[in-house]
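Everything on this sheet refers to the single structure shown next.
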Amino acid sequence: MGSDEPKRKKQKAAPLVQADDGGLGGLYDFLPPPDPEKDKAAKEAAEKAKFSRPKLPPEDRTRVIFLDVDGVLLPTGAVETIIVDGVNLPTRDTVRESDFAIAALGNLRSIVQQTGATVVLSS
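So in the UniProt record's numbering, spot 40 of the sequence shown is number 40, and the numbers just go up one at a time.
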């Protein structure tokens, strides 16, 4: 074995021949080709219709909102907890954005817009 044996050439793989599917093989074959003009018009319309919030006022450090997150911004039961030695502990380390109450966040933003208050969160 080793260098005494002649080296064999690898045969080239035959090119794949694609069967004629009559134009029905692609998932999006039935769609018309893209139209850059329509795409541009749709993008402009989407930008105009996009909801934009007004900017928050400058922070007024003389006004502070102390807010307990549990039961207010996070609805009761949104985060699963277990009790260990009489202490309620969350079963996961992170909270997803979808866990927060949308209406409560909107109301908090409205208050901050009107007052410029700083928010201090506790849990």
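For every residue, glycine included, the Cβ atom is placed at its ideal position computed from N, Cα and C.
N- and C-terminal bounds of the alpha helix (DSSP H) containing residue i
{"i": "V112", "result": "I102 to T115"}
{"i": "A49", "result": "P36 to A49"}
Boundaries (first-last residue) of the beta strand (DSSP E) holding residue i
{"i": "D70", "result": "Note, D70: premise wrong, no beta strand (DSSP E); not H, not E."}
{"i": "T81", "result": "T81 to V84"}
{"i": "T118", "result": "T118 to S122"}
Alpha-carbon to alpha-carbon, residue j and residue i
{"i": "N107", "j": "A101", "result": "10 Å"}
{"i": "D68", "j": "A45", "result": "40 Å"}
{"i": "K43", "j": "S52", "result": "16 Å"}
{"i": "T118", "j": "A103", "result": "19 Å"}
{"i": "P57", "j": "K50", "result": "21 Å"}
With 16 other Cβ atoms within 10 Å as the buried cut-off, status of residue i
{"i": "L73", "result": "buried"}
Same chain, Cβ closer than 8 Å to residue i, neighbours up to 5 away in sequence not counted
{"i": "V120", "result": "V64, I65, F66 and L67"}
{"i": "P32", "result": "none"}
{"i": "R61", "result": "T118"}
Beta carbon proximity, residue i to chain D, threshold 9 Å
{"i": "P34", "result": "This model lacks chain D altogether; it includes just one protein chain."}
Cβ neighbours of residue i in the same chain (closer than 6 Å, five flanking residues each side left out)
{"i": "T115", "result": "R63"}
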